[in-house]
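Q: My numbering applies: residue 4 is where the sequence shown begins, and numbers increase by one.
C-beta: ideal position from N, C-alpha, C; glycine also.
Owing to the predicted nature of the structure, the values given are computational and were not obtained by experimental measurement.
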Amino acid sequence: MTPDSTLDASGLQCPMPLLKTKLALRDLSPGQILEVMATDAGSLVDIPRYLEKSPHTLLGQSEAGADRYIFLISCGV
């Protein structure tokens with residue numbers, strides 16, 4: 004799955020990865036995919052929890068190494 008946009012939130016501390024994710028999703032059209040890369044462990048809870056309450060869908064979540072987290076998000080309406 005190829006993302007339409009990528010957000011590198013590496014090095015940012017909570018709540019910035021989540022806030023930047025929200026802003027990036029505003030720039031996408033429904034159905035487009037956003038890839039978010041973060042290093043803040045709080046993102047593992049914050050981003051999925053936000054997406055549960057939003058029109059967006061978490062397509063996948065993975066860890067790349069001990070401190071790098073990747074989220075694939077489908078933009079909702």
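(1) Whose C-alpha, out of 70, 40, 80, is nearest the C-alpha of residue 63?
(2) Identify, in the order they occur along the chain, each residue of the same chain with its Cβ nearer than 7 Å to the Cβ of residue 32, setting aside the five sequence neighbours on each side.
(3) Tell me whether the beta-carbon of residue 50 lies closer than 7 Å to the beta-carbon of residue 21.
(4) DSSP three-state label for residue 19, please.
(5) From which residue to which residue does the beta strand (DSSP E) around residue 61 run?
(6) Could you check what DSSP says for residue 11 in three-state terms: helix, strand or coil?
(7) Can you list, in chain order, the residues of its chain whose CB lies under 7 Å from that of residue 45, leaving out five sequence neighbours each side?
(8) Which of the three DSSP states, helix, strand or coil, is assigned to residue 80?
A: Walking through what the data contain:
(1) If you compare the alpha carbons of 70, 40, 80 with that of residue 63, the shortest gap goes to 40.
(2) Here the set comprises 78.
(3) Residue 21 sits close to residue 50, with the two beta carbons spaced by under 7 Å.
(4) Assignment of residue 19 by DSSP, reduced to helix, strand and coil, places it in the helix class.
(5) Here the beta strand (DSSP E) through residue 61 covers 60-66.
(6) Strand at residue 11.
(7) Once the five neighbours on either side are set aside, the close Cβ partners of residue 45 are 17.
(8) In this structure, residue 80 counts as coil in the three-state DSSP scheme.
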